[in-house]
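Worksheet: one structure, shown below.
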Amino acid sequence: MVSPAASSSSPRRSRGLAYLLVYVLLLACRVPAAAGVDSEFEDGISPKFPGCDNPFQKVKVMYWVGDDERSSLTGITARFGEMLPVTGTDSEKRKAVVPAPKTSCAKSSAPLASSIAVAERGECTFLEKAKTAESGGAAALLLINDEDDLQKMVCTQNDTVPDIAIPVVMVSQSAGRKILSGMDGGAKVDILMYAPEKPTFDGAIPFLWLMAVGCVACASVWSFVVVGDEDKNAPTLGGEENDDSEIVELKTKTALVFIVTSSLVLLFLFFFKSTWSAWLLVVLFCLSGLQGLHYVASTLIVRACERCREAKVTLPVLGNVTVVTLVILPLALIFVVVWAVHQNSPFAWVGQDLMGICMMILVLQVVHMPNIKVRSSRTYDALVATALLVSAFMYDIFWVFISPFIFKKSVMITVARGSDEGPSLPMVLKMPKEFDTWNGYDMIGFGDILFPGLLVAFSFRYDRAHGKDLTDGYFLCLMIGYAFGLSCTYVGLYLMKSGQPALLYLVPSTLGTIVTLGARRGELSQLWNAKV
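Now the structure itself:
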């Protein structure tokens, strides 16, 4: 059970806070799979024909408005046409021109010689657009999709063997709008396209693995190591005795509601992607991050300085407030605001990870598998754990692997990619790929830490309640299982070249571990019907 820290730093001080954090946990489970969402475009399914069998290349589209270089965009090459070089030095920066008509389905009245034709999708086939642009003298064709995604440009059996000698690249609708907006008023826009290869070794993954494993371990033992059991009966802000009213105990029904509601949220974001929904997640993340920073910093200070616990001041409206809160909360607020304003800066990931880790530590103090303590009714810890993790396990598999058969694309991967407009989804820990030309990020969703973390934290409380240590308890084994499952996730990412649903590996390695150990030790019934 979580022991309260000093006064306002207790995670139980507000039921509204508890439910805010539960809601963040709910949203976290819609962020996909560990290890980034970028995938290789080659799927082994898209048709190939003689003369139309190029491998798909992931394209880096750099563009300049006048002499001002803008953020690079992502595109995909066609099955036909010339292959792009792998380095920018081997490519050539060329002027962007919008053909007339804009779809490049007829001879352009605008001169295209030695330029990159920027055309819109529609009215004719990809091959016809490419032939028209090439006949007009264009050096390349950049096609803007009619939706915020990338479409694989392939040939059909009815097409004649194409003889296209220029590169053909597609970008998403939002990316294309950026280029077109730069051309407003006749401004000059130059484009350079190349297809950099990904490095064999991703140096960010070990650090991301350490962050995730460390976060689970730290959050599990936080109440014992940092808060301390001696604070068990410490008074709260108003001076009353603490109780457990602010602990949100998951029940079987709650676990299933999480998954159903998350699926509805996921579908909403899939069909109605918008900037405001992304900003809503950013606001929720900032609120929970603020509470997390305040809680973690306050408990650390109170642990180091026992006298700080009792130092209080009386303020209008707020009543008694600890001095620790008066110092920490404004600093945490400044930190959060600075991150929100500069979240697109190269170093914003540091602030996002710090807020995310603090928030998850607090969530795992507020949200529990049912505590092992005296109750008038039986509590079924293992049943709740099984319902929650198995439901999340099926959730990940369905929305990553099965949803493409229903919606023609992976719902979870599509939502996670987001769009080039608006903020990126903040419900992830991420680490920059320093050795990758794309300068992207490896990521792991909060749900991939929180859901297994609930079971790991429960195992720590169970061991302590039953007088078990690291050698004969469950906590260490579950930590090893979590670390192993996360490692398998990254191995799967490397082998399959696509984003992986981490819970596919983490649920068997954690829930499977505690069930197997419990059965071997003859304690499975006690785990299942944990009642103290």
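For the sequence shown, the residue numbers in mature numbering (1 follows the signal peptide of the UniProt record, and there is no 0) are -36 to -1, 1 to 496. Glycine included, every Cβ here is placed at the ideal spot set by N, Cα and C.
Chain B within 8 Å of residue i, Cβ atoms only
i      : result
Asp427 : Absent from the structure: chain B. Only one protein chain is present.
Per-residue burial, residue i [other beta carbons within 10 Å of its own, 16 or more giving buried]
i           : result
Gln329      : buried
His332      : buried
Val455      : exposed
Ile366      : exposed
Lys12       : exposed
Ser252      : buried
Gly486      : exposed
Arg85       : buried
Met117      : buried
Ser262      : buried
Val266      : buried
Glu398      : exposed
Thr164      : exposed
Asp148      : exposed
Pro310      : exposed
Thr226      : The sequence as given places Ser at residue 226; Thr does not occur at that position. Classification of Ser226: buried, given that the 10 Å Cβ count is 16 or more.
Phe90       : buried
Ser47       : The sequence given here places Met at residue 47; Ser does not occur at that position. Exposed, because fewer than 16 other Cβ atoms sit within 10 Å of the Cβ of Met47.
Thr480      : exposed
Lys142      : buried
Gln316      : buried
His258      : buried
residue 501 : Missing from the structure shown is residue 501; the chain here goes from -36 to 496 and no further.
Gln121      : exposed
Ala103      : buried
Ser489      : exposed
First and last residue of the uninterrupted alpha helix (DSSP H) at residue i
i      : result
Met319 : Ala312 to Val330
Tyr446 : Phe439 to Met460
Val132 : Where Val132 is concerned, there is no enclosing alpha helix (DSSP H), although the beta strand (DSSP E) it sits in stretches over Val132 to Val135.
Val246 : Thr239 to Ala268
Val471 : Leu467 to Arg484
Glu98  : Phe90 to Ser99
Gln490 : Leu488 to Trp492
When the options are compared against residue i, the one with the closest alpha-carbon
i      : options                           : result
Arg271 : Asp427, Gly100, Thr286 and His258 : Thr286
Val180 : Glu487, Met443 and Gly486         : Met443
Cys441 : Glu161, Val327, Pro472 and His258 : Pro472
His430 : Asp32, Leu491, Leu105 and Glu161  : Leu491
Met26  : Trp243, Pro19 and Arg34           : Arg34
Glu111 : Thr96, Val118 and Met134          : Met134
Ile108 : Leu144, Thr350 and Leu91          : Leu144
Leu434 : Ala380, Pro160, Val185 and Ala83  : Val185
Phe422 : Leu475, Leu230 and Thr38          : Leu475
Ala447 : Tyr458, Leu467 and Leu459         : Leu467
Thr477 : Tyr458, Lys394, Phe369 and Thr350 : Thr350
Phe410 : Pro390, Leu419 and Pro396         : Pro390
Gln21  : Val29, Thr51, Asp32 and Gly30     : Thr51
Gly146 : Trp28, Trp173, Gly256 and Leu230  : Trp28
Leu230 : Trp363, Ile169 and Pro19          : Trp363
Asp412 : Val392, Arg425 and Pro396         : Val392
Ile80  : Lys461, Pro160, Asp127 and Pro131 : Pro131
Ala159 : Leu264, Val23, Val302 and Leu418  : Val23
Arg484 : Tyr458, Leu459, Tyr438 and Met460 : Tyr438
Lys394 : Asp427, Cys452, Ala312 and Tyr469 : Ala312
Arg58  : Gly101, Val153 and Phe236         : Val153
Pro19  : Thr53, Cys119, Ala60 and Ser55    : Cys119
Ile155 : Asp166, Ala168, Gly140 and Phe232 : Gly140
Val288 : Gly404, Cys269 and Phe299         : Cys269
Phe44  : Thr38, Gly30, Gly15 and Ser36     : Gly15
Sheet register partners of residue i (DSSP bridge)
i      : result
Ala83  : Leu107
Asn284 : Thr278
Lys22  : Ile40
Trp28  : Glu33 and Asp154
Cys16  : Phe13
Start and end residues, beta strand (DSSP E) containing residue i
i     : result
Ala60 : Arg58 to Val61
Scan the stretch 342 to 427 and note each continuous beta strand (DSSP E) run of 3 residues or more that stays entirely inside, going in chain order. Listed in chain order, the beta strand (DSSP E) runs fully inside the stretch 342 to 427 are 392 to 396 and 405 to 409, counting runs of at least 3 residues.
Whole alpha helix (DSSP H) runs in the stretch 114 to 168 with 4 or more residues, listed along the chain? You should have 137 to 146.
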